[in-house]
Amino acid sequence: MYSKLKVCMLLLVVSGLLAMPGAVKGPVRSAGSFLAPAGFNVPTPNYKDIVQHNPIAYTSDPAKQNEPILKTSAPAVEELPKGRHDRVILEGKVGCNFTDTCIVLDFNMDPGGGAVSPCDTGGVSVWQWGPDPNSPEIACDEVPVTNVWATTPGANYPVDAGERLIFGPFEITPDCDWMEICHYYDTEMGWDGGNVKISRDGGATWQLIYPEGGYPGIINSNTSYYAWCVDSQPGFTGNSVSYVKDCFDLSAYIGQTVLIAFDFGSDESMTYTGWDIKWLILGHAEELPPIPPCAIVDTCGPYNYGDWIGDMAYNPNTGTIYQVEVGGNNGIFEWDPVDCAIVSYCSNVPWPTSQRGIAYDPYCDVLFVGGWNQDVIYVVTPPPNCQLLNIIRSPVRGISGLAFDDICRTLWVMTNSSPDLLTEIDYRNGNIVSGPFQVNWCSPSSGYSGAGLSFDAEGYLIAVEQGANILTILDQMGNAVGCCSLYTPTSYGWGVGHVDGSATAWVSQVSPSDWMNYEWALPAFTPPTWSCHMTPPTSCFAFIPPPSQCVLDSTCFIYDFNEDTWGWTDIAPMDPCSAAWQWGPDTLVGPYACDSVPITNVWGTYLNTDYPSNAGHSLLSPPITLEDSCVVMELCHWYDIESHYDGGNVKVSNDGGITWYILFPCNGYPEDQISLYYCFLYGQPGFSGNSGGWVKDYFDLSAFAGQTIQIRFDFGSDASFNYPGWYIKWVRIGTPGTAVDLDLIKIIWPQPVVPGMTVYDTLYAHNAGTVVIPESTTLDFVRIILRHIPGDGWDTVAVEPFSYHVDSDWPHCETRAIPTPPFDISDDACGYTYKSIVINQWLNDENPTNDTAEATFVVADSEHFYDDGTPYSAWAYYGPGNGFGVTFVTDSGVQIVGAKMYIWGSDWPVPGGNLIGIRVYEDPLVSEQPPPTPVYSRDSIVIQRGQWNYISFDDTTLITPDGVFSIFYVQQDSYPYVPGLAIDQADDAPDSMQWSLYNDTTYIDTGTDCDHAGDWMIRALTCPVLTGPVYV
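Residue numbers (numbering that gives the first Met the number 0): 0 to 1031.
Set out below in structure tokens:
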């Protein structure tokens, strides 16, 4: 059973009521106790909460996956999710530039006198000397690696690691006042890592020292976890990719005898190969020449968009600059550098989170936009439309700047990473053209300095060395050829904009209190030689309109995989991903496919078993030449895939496989953005979750009519939790049928069995305004009937009224108005007016016939609630299967027809999710006991964030015998890929009416023991039971 004491302490800290957080005793964990306050941005490696750590609480505890998180107003920051980064091969970094050395400890030969020691109140030992099979074979300066000091050589470091490696004593003199280390590290970025400390008193106290250019990040600043020895401290974290050099200035310690320590720590989950140290050298280094200051020319702004303003891209056709907003709507605004005026803006962008880099292609009039914690580049039209044209995968991650090469027609990518990288890619597909090159800044840097990128047609790139605040000119290899120092107020600018041919560059101010762009004169430099590494492409991205042809009539191509592969092939998996696609018989998907067609063979992701971890594999069609009329593709498929974390999608190419476009099914993909931990389709929409059996999806190929195309099915998975997968029975391509919108009413009441229905003559034309029921009618129930006319679609509507004997007065059911088209039925004859009775949802029929299509609806419901209707905050759990609930007391014998839940907006969690589950219990709930068997259970319900969501129970009949029942919201995925359930501030619910569901146990939330302050925004809809029908 969880501790209420932990929860109460935590809420006090967050609300500011606890004056001395350091005085809190016991295992207090922000965003980690059972009911931690909602809204801590978890994970947030760059943000330190106010709660002080108690290391005793931080152990490997699988149960923490069920702990909730509460939304607060913590500042928005760029997050790096827990997990691995892509690897690339790079040369070593520049070291100290020694003029002389005094101490050389090369650990190839011996351990150099190193000794290990504890460095915290806990932590597992890790430091060992010897060979490390996980180490790169070549160290700095092309020196082979034999032995190193390493954290757990040959294996990943353990969870909860924490140990200090000490060298010395060393006497620091004017000729021995710089230290260089050659090292390699591969740790969980932002959560595990190490740093260097110095002691002047024989190890009694230690002081953190910084490499030139700074450390790449903060280690575990989030208080949900604890990294021993280095928690919340700057350090080496992430992946250095290869051995690199870092240089430390020890001149402040001249005349003193010191010890040097390497502290390493990890939290309680996700471990990597660790930290290897090849050598430690002391000597004297040449001072770097001072960098001249930049000259400020002008300012524009403020541009109060989002939380920050980011990178920029110049449009030579209009003379304007596009700029991304980081946070807020995550949109793009366009401004004129001549008069600083805003020209246009778009917020209807296709990405769910903040982006950092932007580039403009003047030949094709498109923008490329990429994000720091993503390896996806979006291709969109400029504002104000920002229509999505394509999504390409970047070969490097951590995008902080993009620039379009007007000479070679390629795309340059700058990463804010460890180390910073410059990579040239083919804009059509993301393939590497040259690089990646480690950026050699004007001042030594450990990485995480790259910010913004612009290109000049003379042949050079402009970037900001963010760590040192330097405006830098780069060549094609990432070498600085000129630089000048920026000064306040433009520290840590995130974007660079450059008007082609000008002698200045715009740099954005990152401070949320400024939102200014500052124009600076470029530093003096000699333009580098610029050459193209590929033939400049000439093609532009095609715009694929939303699907409109969604019904298949006659077929032109049939690929039924019962008989043969028909030339479809699985292509080599993307390195380092695993293969998945196979053809043959399968026993997991049942004997019959769509339309009850028997199954012999299928294409599937590992037949007869679950798909593998880290899959990244494609199934490719032969070339298909489309006739002008053959523009609809039908896919018969079955899938059972780990929701959100794994999935697949469909792509099309019309240039022989150079460029691939994501094809969207007519009803959309069930997953808008697949997990960050994906091996292959990271960040793309796709099929994920469970299809519920064999289903048909339709794709519109009309944008490629008359062309030769290829179709590709891409599938990917992460490192855990494997399911049966994705199976394809047939692909058919043919002519479109009549696009039919039946305009039928969704059944929101259990449909009664009413034989002998009469279809009136045309009482109501399809697009007319109001249906007036004859005054002689007692209007309790209405049936709308549409008739399909061949060749004309559905254009005849009849309205048929019914009367019901009811167990209570109709006014008990309040009229519910749903703002969708187009029926408005009124009747005053029965003493009760039904106004604004409108259709809730259209239904669709793929193959309409001349038969009458029918559906029913009831006009009103009663709504039961405790909340005040105003969302104040939101809650979520770390793990799925947990939830929150409300108990309702109504009249006995009423029917529960649905529920309403208010889901928090898209600002939290990020990236969030759009699936929820629901449970209804009629038996009493008992606190700290498992819940009873639900009378209604449903999962994977698609919701909209930032609004009320109506969940109909039209698939069952729920009659509550005593009028007492409970409705629970159930979380479907792990944080942060979930929505947040809103809560108000009123706290009006009676005791024992508010509940939490945690580890299959219910707990009373009284609102008086620090569980929460407010009412869950969950409502019930009921209506009296109708006993009928009776014809009028």
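Beta carbons are placed, not taken as given, at the ideal position from N, Cα and C, and that holds for glycine. None of the values given here were measured: they were computed from a predicted structure.
In the DSSP assignment, T172 falls outside any beta strand (DSSP E), carrying neither H nor E.
It is roughly 31 Å from the alpha-carbon of L625 to the alpha-carbon of P361. Separation of T471 and S134 (C-alpha to C-alpha, rounded to the nearest whole angstrom) is 33 Å.
For A571, there is no enclosing beta strand (DSSP E), since its DSSP letter is neither H nor E. According to DSSP, residue pairing for R199 in a beta bridge does not occur. Out of C539, K695, C635 and I732, the CA that lies nearest to the CA of I657 is found in C539. The region 412 to 427 and the region 543 to 555 do not touch, with fewer than 3 CB-CB distances between them shorter than 8 Å. Under the 10 Å beta carbon count, Y486 is surrounded by fewer than 16 other beta carbons and is classified as exposed. Around the beta-carbon of G868, fewer than 16 other beta-carbon atoms lie within 10 Å, marking it exposed.
For S343, the enclosing beta strand (DSSP E) begins and ends at I341 to C345. Secondary structure at A702: helix, using DSSP grouped into helix, strand and coil.
Within the region 960 to 1029, the runs of beta strand (DSSP E) that reach at least 3 residues and sit entirely inside it are, in chain order, 963 to 970, 980 to 982, 993 to 997, 1000 to 1003, 1017 to 1022 and 1025 to 1029.
For S620, the three-state secondary structure derived from DSSP is coil.
With contacts defined by Cβ atoms closer than 8 Å, C635 and C555 do not form a contacting pair. Contact between the region 271 to 283 and the region 433 to 453 is absent, with fewer than three C-beta pairs closer than 8 Å. With fewer than 16 other CB atoms across the displayed protein chains lying within 10 angstroms of its CB, G254 is exposed. Between M476 and F524, the CB-CB gap reaches or exceeds 8 Å. For the pair N948 and N913, the Cα-to-Cα distance works out to about 11 Å.
Per DSSP, C678 lies in no beta strand (DSSP E) and is assigned neither H nor E.
Y638 sits in a strand when the DSSP states are folded into three classes. Between A402 and A358, the beta carbon gap of about 5 Å places them in contact (Cβ cut-off 8 Å). Less than 8 Å separates the beta-carbon of C339 from that of G300. Between G356 and M413 a beta carbon distance of about 7 Å is seen, short of the 8 Å cut, so the two are scored as contacting.
Going by C-alpha positions, I390 is about 15 Å away from R396.
In this structure V379 is buried. Its beta-carbon is surrounded by 16 or more other beta-carbon atoms within 10 angstroms. In the three-state DSSP reduction, S595 falls in the helix class (H, G or I). Taking the C-beta atoms as reference points, A149 is found no nearer than 8 Å to G264.
In the three-state reduction of the DSSP assignment, E141 falls in the helix class.
Using a Cβ-Cβ distance cut-off of 8 Å, the region 236 to 250 and the region 168 to 179 are in contact, since at least three pairs of beta carbons, one from each stretch, lie closer than that value. Here the alpha carbons of S241 and I398 stand approximately 20 Å from one another. The beta-carbon separation of G724 and F686, rounded to 11 Å, does not stay under the 8 Å limit for a contact. By the CB criterion at 8 Å, Q672 and P910 fall inside the cutoff. Scanning the region 398 to 469 for uninterrupted beta strand (DSSP E) segments of 3 residues or longer gives 398 to 404, 409 to 414, 420 to 424, 431 to 437, 449 to 455 and 459 to 464, listed from N- to C-terminal end. Note on T959: 16 or more other CB atoms within 10 angstroms of its CB, so buried under the neighbour-count rule. Distance from the CA atom of G566 to the CA atom of S620, rounded to whole angstroms, is 7 Å.
Looking at the DSSP output, S872 sits in a beta bridge with I982.
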